[in-house]
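*Asks:*
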Amino acid sequence: MQEASVYKEYHTYLKLEKSLSDNSVMAYERDLKKLRDYCAMRGIDPLQATFDDLQAFVFDSFKQITNARTQSRILSGVHSFYRFLVYTHKIEADPSELLEMPKLNQYLPQVLTVEEINALVEAIDVSTAEGQRNRAIIEMLYGSGLRVSELVNLKLSDMYLEDGFMRILGKGSKQRLVPISDEAKKQFELWMQCRREAVKEQAGQGDYAFLNRRGHQLTRVMIFTIIKRLCAAAGIQKSISPHTLRHSFATHLLQNGADLRVIQQLLGHEDITTTEIYTHLEVKDLRDAILKYHPANQKH
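Residue numbers 0 to 299, in numbering that gives the first Met the number 0, belong to the letters of the sequence shown in order.
1. I'd like to know whether the C-beta atoms of TYR9 and PHE56 end up nearer to each other than 7 Å.
2. Can you tell me which residues form a DSSP beta bridge with GLN216?
3. When the distance is taken between beta carbons, is LEU53 closer than 7 Å to SER20?
4. Under the assumption that THR274 contacts ILE262 (Cβ atoms under 8 Å), give the Cβ distance between them as a whole number of angstroms.
5. Run through DSSP, which three-state label would LEU285 get?
6. Measuring straight from C-alpha to C-alpha, what distance separates LYS69 and THR87?
7. Spatial neighbours of LEU176 within its chain, please: C-beta separation below 7 Å, excluding the five flanking residues on both sides.
8. State the DSSP-derived secondary structure class of ARG41, mapped to helix, strand or coil.
9. Is the CB-CB distance between ALA231 and LEU119 below 7 Å?
10. Looking at the ligand GDP, does it come within less than 6 Å of ILE226, judged from the CB to the closest heavy atom?
11. Let me know the secondary structure DSSP gives ARG178 once reduced to three states.
12. Nearest-angstrom Cα distance between LYS170 and LYS184?
13. Between the Cα of ASN255 and the Cα atoms of LEU210, ALA208 and THR112, which residue gives the shortest distance?
14. Checking 7 Å against the spacing of the C-beta atoms, do VAL24 and LEU34 come in under that value?
15. For VAL220 and LYS199, what's the separation of their Cα atoms in angstroms?
16. Consult DSSP for LYS154 and reduce its assignment to one of helix, strand or coil.
17. Considering ARG68, what are the terminal residues of the beta strand (DSSP E) in which it resides?
18. When we look at the beta-carbon of ALA39 and count the other beta-carbons within 10 Å, is it buried (16 or more) or exposed?
19. Residues in its own chain within less than 7 Å of SER156 by CB, not counting five upstream and five downstream?
20. For a test of the three-state rule: what should DSSP assign to LEU244, helix, strand or coil?
21. Nearest by alpha-carbon distance to LEU189: which of TYR6, GLU28, ALA128 and GLY42 is it?
22. Return the CA-CA distance between ASP93 and GLY76, expressed in angstroms with no decimal places.
23. Mind reading off the beta-carbon distance from LEU31 to PHE61? Whole number of angstroms is fine, and I expect it under 8 Å.
24. Taking all protein chains shown into account, do 16 or more other C-beta atoms lie within 10 angstroms of the C-beta of LYS7, making it buried, or fewer, making it exposed?
25. Flag this pair as yes or no: are the beta carbons of GLN186 and ARG134 separated by less than 7 Å?
26. Going straight from the alpha carbon of ALA202 to that of ARG213, what length do you get?
27. Comparing C-alpha positions only, which one of ASP258, ARG228 and HIS268 sits nearest to ARG245?
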């Protein structure tokens, strides 16, 4: 069996069968190269590596890498590769199966309160075309929970305003239908009226929902800058990004009784455990409420 052909086949597997993005494929292959280099220095064929070999690789690698999240990512890449080998009948048993993942500290994302969202919206000058566009952007990010990459790539041909839905191309080129709130629909329609008058569309750019004044597609950096400026104008001190609005969308839905599975579908999470981060946020809110309001915790 030629090793090179196996790695090419694995690349195709990640791209086509797993539908991973180019960046994710590169990350998996970059981490796999660490294992291949380790095996090469010790005269081990990665396709014949044992559990002891892999455990030694993990021990050796993680002496230099102390970040648990990076360790977890590397282990995920190793698990993925050997599951692929089993799946394609190149090996009979997965030697990585018993490798343990490091415990990750639970990261709780920053969110805005409803009052801060309102302040953010009120800070927008909708008397200009740019301001109206920014208002529509905020409504889309917060009102529908879009990723910033999904927002900048959103196309008019994927929006069904009359039906109240838009088709979103998410991670791994997976499509999902996302509702458009009445307020987002209203603000987007107002932006479209301004856009016809204030934006000179460039060839090949006209189908994108959001353009700059020169008629070019907005970038992730532009959206980040817009939100930073609006937060400063609204007097919001928190360090936020476009993703903060997505977190706020999910958190506020959960706090108001939405089912976690519904939130998972709206966000486009493949695994429910990714969505469960928002239950941790709610538990933290409950704990803060007890500490603040329960008589036993009041200072006398």
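Yeah, the Cβ is synthetic: ideal placement off N, Cα and C, and Gly gets one too.
Remember, it's a predicted structure, so these values are computed and weren't measured experimentally.
*Replies:* Quick answer:
1. no
2. LEU210
3. no
4. 6 Å
5. In this prediction, LEU285 has a pLDDT of 48, which is less than 50 and means its spatial position is unreliable; nothing more can be read from the coordinates.
6. Position check: residue 69 holds Thr in this sequence, whereas Lys was assumed. Taking the straight line from one Cα to the other gives about 27 Å.
7. PHE164 and ARG166
8. coil
9. no
10. Among the components modelled here there is no ligand, and therefore nothing to report on the ligand GDP.
11. At residue 178 the sequence reads Pro, which differs from the Arg that was named. PRO178: strand per DSSP, three-state reduction.
12. 24 Å
13. THR112
14. no
15. 21 Å
16. strand
17. Counting along the chain, ARG68 falls outside any beta strand (DSSP E), though it belongs to the alpha helix (DSSP H) covering 67-86.
18. exposed
19. ASP206
20. helix
21. ALA128
22. 13 Å
23. Between PHE61 and LEU31 the Cβ distance is about 16 Å, and since that is not below 8 Å, they are no contact.
24. exposed
25. yes
26. 11 Å
27. HIS268
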